[in-house]
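Number of protein chains: 2
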Amino acid sequence: MSKRIETLIAQADKNCTARGTRLTAKRKQVLAGLLNCKRALSAYELVDYCEQEFGETFSAMSVYRILEFLEQEQLAHRLNLANKYVACSHICEHHSHDAPQFLICQSCHKVSEIIIPPNTVSALKQTVADAGFELKSPQIEMNCICNDCKTKALGRDHRNKQHSVAHSQSTTAMTTQAGT
Amino acid sequence: MSKRIETLIAQADKNCTARGTRLTAKRKQVLAGLLNCKRALSAYELVDYCEQEFGETFSAMSVYRILEFLEQEQLAHRLNLANKYVACSHICEHHSHDAPQFLICQSCHKVSEIIIPPNTVSALKQTVADAGFELKSPQIEMNCICNDCKTKALGRDHRNKQHSVAHSQSTTAMTTQAGT
DNA sequence: TGAATTACGTTATGTTATAACATTGCACAA
DNA sequence: TTGTGCAATGTTATAACATAACGTAATTCA
Ligand SMILES: [Zn+2]
Ligand SMILES: [Zn+2]
Ligand SMILES: [Zn+2]
Ligand SMILES: [Zn+2]
């Protein structure tokens, strides 16, 4: 495991201790799996991935429980659009971000955790409020095509009109926290 | 079935004919089921619902295929956040909307198909482009709490602090079409 | 130490979605 | 009219994602 990931795990461990929770060995391994793998993984993919990488065996059930824990601790996020999970890319930062925002490449599953300008977010909230709904701390997820894949797709298009990315239909998702 | 729904089905039928596709009896029934039921339904819920309402039996498989057809025809939409389906609320309007936008109540599954101001959408697109992704014709889905449910939840909160909506974690989803 | 709590293991089951292949019904040409 | 093709639907199986229920082990703390 890379030095960088070890540092992140150590930081995550500190965060948990500070919050009175425990980042156990299993939980560290799952988090390491997520950090190690660049793209988003489903719970079942994570089972396989951890088995390969660490020779550890996890039941899918355990992975789900651990992912739930990591989410609570803001160490990982569930991508509702993809039914997959990613490590938080802000483990070392202090602020507890309450509105993580993700771009998910539909082609290669690369995920980018971004910051949407607050005024865009508040414009969205206002529109939603006008419609009689409440949208708070939105976790926004957007199905996209990353530039890499777009370039590849363009190459293909030249050879083979009509196909490739042109057919893909994707979705942007915003998870919001209501209440409190 | 209500007069209003019959009118919508007739309009949908016309649209299909104009496009050279066929809104068969089965397809009409599934669409009627979606129109009849106010909230979003999963494919399996739709199987049950149609059975109850129309005494027709559908295999889940057929329903999935029919939903796929209705989506192509823009007569229904798949809500990627909820893994559920709704009838399009613009069947009678002429413009083929390429950016449907939905608010989904996490509590009662009520769905509202709204219009987000174009400048908000383009601000989002710009942010996404800056991050090296492409977001086109976004179908935005937002998990929300509707005002009705919020009111109810507040009532509960008074009696029972901490619980209810406060725990729900939801997501906004944006489906986008890339290419072309 | 012993009770309470937390984490983890295990098995079963529920839910959503697709694959693969068979059958039906209709349009149209021979 | 019969055959052929094609779209729609039926049927069965299975993949993929997720949770329920219950038991055991480890940890915490009085
Ligand atoms: Zn994060
Ligand atoms: Zn990509
Ligand atoms: Zn619509
Ligand atoms: Zn509601």
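Protein sequences appear in the order of chains B and Z. Residue 204 is where the first sequence ends in the working numbering, and the numbering goes up by one at each step. Residue 204 is where the second sequence ends in the working numbering, and the numbering goes up by one at each step. Beta carbons are placed, not taken as given, at the ideal position from N, Cα and C, and that holds for glycine.
Do residue i and residue j have their CB atoms nearer than 8 Å?
i: Lys52/Z; j: Ile33/Z; result: yes
i: Glu80/B; j: Asn60/B; result: no
i: Asn107/Z; j: Ser66/Z; result: yes
i: Ala197/Z; j: Ala123/B; result: no
i: Cys173/Z; j: Gly156/B; result: no
i: Leu47/B; j: Ala111/B; result: no
i: Leu127/Z; j: Ala64/Z; result: no
i: Leu105/B; j: Leu105/Z; result: yes
For the alpha helix (DSSP H) that residue i lies in, which residues bound it at each end?
i: Ile29/B; result: 27-43
i: Leu91/B; result: 84-96
i: Glu117/B; result: Counting along the chain, Glu117/B falls outside any alpha helix (DSSP H), and DSSP gives it neither H nor E.
i: Cys74/B; result: 67-78
i: Ser146/B; result: 142-154
i: Lys52/Z; result: 49-60
Starting from residue i, find everything on chain B with Cβ-Cβ shorter than 8 Å and list it in chain order.
i: Cys129/Z; result: Phe157
i: Pro141/Z; result: Ala147, Thr151
i: Asn171/Z; result: Gly156, Phe157, Glu158
i: Cys132/Z; result: None at all; the shortest Cβ gap to chain B is about 11 Å.
Applying a beta-carbon distance threshold of less than 8 Å, which residues of chain Z neighbour residue i?
i: Pro136/B; result: It should be noted that the sequence gives Ser, not Pro, for residue 136/B. Near Ser136/B (Cβ distances below 8 Å), the residues of chain Z are Ala155, Gly156, Phe157.
i: Lys62/B; result: Ordered by position in chain Z, no residue passes the 8 Å Cβ test against Lys62/B, which lies about 14 Å from the chain.
What distance in whole Å lies between the Cβ atoms of residue j and residue i, which are believed to be in contact at a cut-off of 8 Å?
i: Val54/B; j: Cys168/Z; result: Not really, about 31 Å apart at Cβ, beyond 8 Å.
i: Ile213/Z; j: Ile164/Z; result: Coverage of chain Z is limited to positions 25 through 204, which leaves residue 213/Z absent and any answer about it impossible.
i: Val71/Z; j: Ala56/Z; result: Between Ala56/Z and Val71/Z the Cβ distance is about 14 Å, and since that is not below 8 Å, they are no contact.
i: Leu159/B; j: Met166/Z; result: 6 Å
At a CB-CB cut-off below 7 Å, which residues of chain B make contact with residue i?
i: Lys108/Z; result: Those do not exist, as Lys108/Z stays about 13 Å from chain B at its closest Cβ, beyond 7 Å.
i: Cys40/Z; result: What Cys40/Z touches in chain B: nothing, since even the nearest Cβ is about 19 Å away.
i: Cys112/Z; result: Residues of chain B passing the Cβ test: none, with the nearest at roughly 15 Å.
Terminal residues of the continuous beta strand (DSSP E) containing residue i?
i: Ala24/B; result: Outside the displayed span of chain B (25 to 204) sits residue 24/B, for which this structure offers no information.
i: Gln163/Z; result: 163-170
i: Cys15/B; result: Any property of residue 15/B remains undetermined from this structure, which presents chain B solely from 25 to 204.
i: Arg46/B; result: Looking at the DSSP string, Arg46/B is not in any beta strand (DSSP E), and its letter there is neither H nor E.
i: Leu105/Z; result: No beta strand (DSSP E) holds Leu105/Z; DSSP gives it neither H nor E.
Name the chain Z residues whose beta carbon is nearer than 7 Å to that of residue i?
i: Thr144/B; result: Thr144, Ala147, Leu148, Thr151
Quick test of the definition: if touching needs 3 or more C-beta pairs under 8 Å, does the stretch 126-145 of chain Z touch the stretch 76-90 of chain Z? no
Quick test of the definition: if touching needs 3 or more C-beta pairs under 8 Å, does the stretch 97-113 of chain B touch the stretch 141-152 of chain B? As far as the Cβ criterion goes, the stretch 97-113 of chain B does not touch the stretch 141-152 of chain B, which means the pair count is below three.
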